[in-house]
Amino acid sequence: MKILIVDDSSTMRRIIGNVVMQLGFARENFEEAEDGLKAWKLLSEAHYDVILTDWNMPNMNGLELVKKVRSEGTHQKTPIIMITTEGGKGEVIAALKAGVNNYIVKPFNAEVLKEKLDGVLKK
């Protein structure tokens, strides 16, 4: 099981990584990217089972990344969970229309992430 964590905040990537490890995944099971461009490069080089992405990032934001993943490349069916401070109804709808499988509003806890991960991985 390989997980890609995409967030421009190194602190947030570390928090998400720690939660992922609390859920039983080894550190070597996930990789990190600080923006959508770096994430796209990693996605073009390796297989990932799930993508956890922030919305607000420089260079290529999370919504642009989701649209790109859903429209081209080998990860079109890969589950994507957006983890963001953008909690408005409009943002959630835009993300779902773009192709995210689930949505988490920051701040969140390990239980919420586990529930969302379980939900997308069992499909």
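61 is the number that the UniProt record's numbering gives to position 61 of the sequence shown; each next residue is one higher, with no gaps.
All C-beta atoms, glycine included, are put in the ideal place defined by N, C-alpha and C.
Where the beta strand (DSSP E) through residue i begins and ends
i, result
"MET82", "80-84"
"LEU23", "It is not in any beta strand (DSSP E) - LEU23 carries neither H nor E in the DSSP assignment."
Run of the alpha helix (DSSP H) containing residue i, from where it starts to where it stops
i, result
"GLU31", "That residue, GLU31, is in no alpha helix (DSSP H); its beta strand (DSSP E) goes 30-33."
"ASN109", "Per DSSP, ASN109 belongs to no alpha helix (DSSP H) and is neither H nor E."
Burial state of residue i, where buried means 16 or more other Cβ atoms lie within 10 Å
i, result
"LEU4", "buried"
Distance between residue j and residue i (C-alpha atoms, nearest Å)
i, j, result
"ASP7", "MET82", "10 Å"
"THR78", "MET57", "21 Å"
"LYS116", "VAL50", "11 Å"
"TRP40", "LYS67", "11 Å"
"ARG70", "ILE16", "23 Å"
"VAL19", "LEU113", "8 Å"
"GLN76", "ILE104", "20 Å"
Any non-hydrogen atom of the ligand NAP closer than 6 Å to residue i Cβ
i, result
"LYS97", "This structure simply doesn't include the ligand NAP, nor any ligand for that matter."
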